[in-house]
Each structure stands twice: as C-alpha cells, then as structure tokens.
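These notes concern the structure reproduced below.
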Amino acid sequence: MWTDLRTLLLFHLLLLRLHFTGATDECEDGQFQCSNLRCIPTLWRCDDDDDCSDNSDEENCPRKTCAPEEFACFNGQCVPGRWRCDGEVECPDGSDEAEETCSKQTCPPEKFDCGGATNKCVSLSWRCDGEKDCENGADEEDCAAGAVKNRLLLLHGSLYASVRK
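Under mature numbering (1 follows the signal peptide of the UniProt record, and there is no 0), residues -23 to -1, 1 to 142 are what the sequence shown spells out, in order.
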C-alpha cells in the first residue's frame, strides 16, 4: 500500500514539474522574469502585448508621450484620438470609454453628438439612416418628414434598391 501511495506521489510531483516547465527561479541574461516565474526576452517587456500571460511584463512601464492626435490610455498606451468615446473599447484598460473620460466629451465637427448620459459620438453619415446608432436613438430623431433614403439590399444573391420614407 505504501509503495502505491509513494508511486502516486512521485507521479503527481512529476506532473507538477512538467506543468511548470519553463518556470524557474532565475532567468538568463537578456530575459525578464514574469510574476508567474516565466522568462521572456527582455525586448518583449513594455511592448503593449501581454507576453507573460499575467500582464506583469506590461506593468510599471515608463509612460509614453502620445502624439497630439492620439489619446493616452490610463495605462500609457496610445490609440488614435478618434477612438476616444466612440462606443468601442480600444484601450486594454478601457479608459477610452471610461465615464471620467467621456463625461467631458465634445464631438468633432464630422461626428454627431448622441447627447444625454451616453456621451457618445457617431458618424454624421449615420444620422437619419433608419438605424439607431445612439443608445438613446437621438441619431434618428427630428429627421425631415418624408426624407427618402436609398439603400442597396442583397437578397438571395440579387441586388435590390430599397427606398425608405
């Protein structure tokens, strides 16, 4: 019985060792040690990509200076400024859509302001197109009565013109 238990214990220890292969106490020169003890090339540190699988290679990185047309995410990553408060999360930390970011939102001239508590901007071309792009439907309000919108529909492999009033 003790032999079986000892064999089972050794087997379990072997499985644990196999599971943590690559997780060592020290990394080689030119490597960064992740919080989970994995070693990755130092060049991969602070590259805006989670190479450690625990994001420790992206923590405590020096803040980047974003270009004037870019938005600086709270974690230091830069994304195009037009992505700020557009309803889609692009910053890994979600800061481009955070309430504290978007509550100060002003839409550029080429965008429609959804207004209300949404603080969302949508393309002006989406205004009065028959689809609610703003959560509150503001982009479909106060559209000219009898306004005609032409659309092309693909139905059973054929194109059809659809006229909406």
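Virtual Cβ for every residue (Gly too), placed ideally from N, Cα, C.
Cβ-Cβ separation, P69 to Q54 (assumed contact under 8 Å), whole Å: 6 Å
Span of the beta strand (DSSP E) around E47: 47 to 49
For V66 and C16, the rounded distance between their alpha carbons: 30 Å
Closest Cα partner of A75 within the set F89, P85, N52: N52
Same chain, Cβ closer than 7 Å to Q8, five either side skipped, listed in chain order: C16, I17, P18, T19
Chain B contact for S100 (CB, 8 Å cutoff): This model lacks chain B altogether; it includes just one protein chain.
Extent of the continuous beta strand (DSSP E) to which S79 belongs: Here residue 79 turns out to be Cys, not Ser, going by the sequence shown. That residue, C79, is in no beta strand (DSSP E); its alpha helix (DSSP H) goes 76 to 79.
Which residues DSSP lists as bridging P57, in chain order: E47
Nearest neighbour of G71, chosen from F48, C91, V99 [CA to CA]: F48
For S100, the residue or residues it bridges with in DSSP: K88
Rounded Cβ spacing between D110 and D116 (contact assumed at less than 8 Å): 5 Å
Backbone CA spacing between T83 and E5 [nearest angstrom]: 50 Å
D(-20), DSSP secondary structure in three states: helix
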